[in-house]
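Asker: Take any residue in the sequence shown, count from 1 to its spot, add 20: that is its number in the working numbering.
In this text, a Cβ means the ideal position worked out from N, Cα and C, and glycines have one as well.
Remember, it's a predicted structure, so these values are computed and weren't measured experimentally.
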Amino acid sequence: MSEKNFLVILCFLSLTVSVIFAQDISTAWEYFLKERYNIADRIVNSLLEEKATSPDLYYLKALILCRTGDFVRARNYLEKLNFYGAEWAKCALVARGDSFFQEGKLKQAKEIYHTFLKRYPYSNYTPEVIYKYAQILRKEGRWKEAKAYLRQVTNDYPQSLFATFARKLLAEDEFYFCVQVGSFLNYDNAYNLAVKIKKAGYPAYIKKVEYRGQLYYRVRIGKYPDRESVEEVFKQLVKKGFHGLIYP
């Protein structure tokens with residue numbers, strides 16, 4: 021075989037492998053977006069076992085690990101993105117903040133988002149990070165600051181997806197704490213629980229929320245200005261056998 025023919029064959033094989041890899045990654049993303057994380061993970065793991073290296077691959081693996089609650093390993097994969105240029109480094113930093121947010125470690129998430137905004141004030145990720153920073157301020161009960169950041173998104177990035185989210189939050193005006201004790205697809209179930217809660221002496225109400233194309237009826241209690249007040253009510257509810265969570 022001549023050297024020229026060998027190079028042609030080598031280029032063909034390389035291209036074939038690249039196409040197969042791209043198809044596998046695309047399929048894994050499709051399953052991930054359908055929330056079929058186990059199948060997406062099997063595809064990604066098979067590529068990793070074949071020693072495939074790609075920022076898309078590492079990023080998707082990190083997202084899957086976050087969805088399945090393995091946040092430490094997720095952040096290990098995100099670290100690998102820093103070797104693939106400035107844009108992937110930005111992506112990794114945002115995703116690292118997201119991993120702490122999802123883990124419930126709001127202090128760490130807030131620090132990372134703040135670092136990102138100082139380092140990259142005009143990035144494509146900026147409206148997303150400002151919005152998420154505002155979400156943390158809401159969870160802290162810093163209502164005035166949260167509104168200011170949400171308005172920054174709507175004013176400075178009016179065409180962005182996160183401006184749409186911010187406008188919705190501002191319009192709903194839910195800048196208070198409450199206890200959510202149930203979420204139902206059926207209104208009657210929500211109504212029955214609300215009646216039960218009211219009989220126990222708490223100001224229960226039903227909030228209609230659309231989430232991923234489904235309409236939910238969420239049973240909530242109170243509108244409290246600070247976390248101390250809502251935590252006291254939450255403790256009382258737990259003692260009486262009710263379950264729930266503090267929102268936001």
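Let me check understanding here. Comparing Cα to Cα, which of 247, 218 and 65 lies closest to residue 239?
Answerer: Among 247, 218 and 65, the Cα nearest to that of residue 239 is on 218.
Asker: What ranges does the alpha helix (DSSP H) occupy inside the region 155-182, keeping only unbroken runs of at least 4 residues that lie completely in it?
Answerer: Entirely contained in the region 155-182, the alpha helix (DSSP H) runs reaching 4 residues are, in chain order, 163-176.
Asker: Return helix, strand or coil for residue 249, following the three-state DSSP convention.
Answerer: In the structure shown, residue 249 sits in a helix (DSSP, three-state: H, G or I).
Asker: Is residue 33 helix, strand or coil when you go by DSSP?
Answerer: The pLDDT assigned to residue 33 is 32, lower than 50, so where the model puts this residue is not dependable; a value taken from the coordinates is nonetheless given after this. Looking at residue 33 - three-state DSSP - the assignment turns out to be helix.
Asker: Can you give me the start and stop residues for the beta strand (DSSP E) that residue 242 sits inside?
Answerer: First-last of the beta strand (DSSP E) with residue 242: 234-244.
Asker: DSSP three-state call for residue 224: helix, strand or coil?
Answerer: The answer is strand: DSSP assigns residue 224 an E or B state.
Asker: When you compare the CB positions of residue 237 and residue 204, do they come within less than 8 Å of one another, or not?
Answerer: Going by C-beta atoms, residue 237 is nearer than 8 Å to residue 204.
Asker: Which of helix, strand or coil does DSSP assign to residue 203?
Answerer: It is a strand residue.
Asker: Per DSSP, which one or two residues make a beta bridge with residue 197?
Answerer: Note: residue 197 sits in a beta bridge opposite 244.
Asker: Does DSSP put residue 267 in a helix, a strand or coil?
Answerer: Three-state DSSP puts residue 267 in a strand.
Asker: Quick one: is residue 155 buried, meaning 16 or more other Cβ sit within 10 Å of its Cβ, or exposed?
Answerer: With 16 or more other Cβ atoms within 10 Å, it is buried.
Asker: Which partner residues of residue 79 appear in the DSSP bridge assignment?
Answerer: According to DSSP, which records beta bridges pairwise, residue 79 is partnered with nothing at all.
Asker: Rounded to whole angstroms, what is the Cα-Cα separation between residue 28 and residue 42?
Answerer: In this prediction, residue 28 has a pLDDT of 37, which is less than 50 and means its spatial position is unreliable; what the coordinates show is noted afterwards. Using only the alpha carbons, I get a separation of about 21 Å.
Asker: In terms of residues, what are the limits of the alpha helix (DSSP H) holding residue 96?
Answerer: Where residue 96 is concerned, the enclosing alpha helix (DSSP H) stretches over 91-100.
Asker: On a CA-only basis, which of 246, 69, 57 and 160 is nearest residue 86? Give me that one, please.
Answerer: For the residues 246, 69, 57 and 160, the minimum Cα distance to residue 86 belongs to 57.
Asker: Residues in the same chain with beta-carbon distance under 8 Å from residue 99, minus the five sequence neighbours each way, listed in chain order, please.
Answerer: Excluding sequence neighbours, residue 99 sits near 112.
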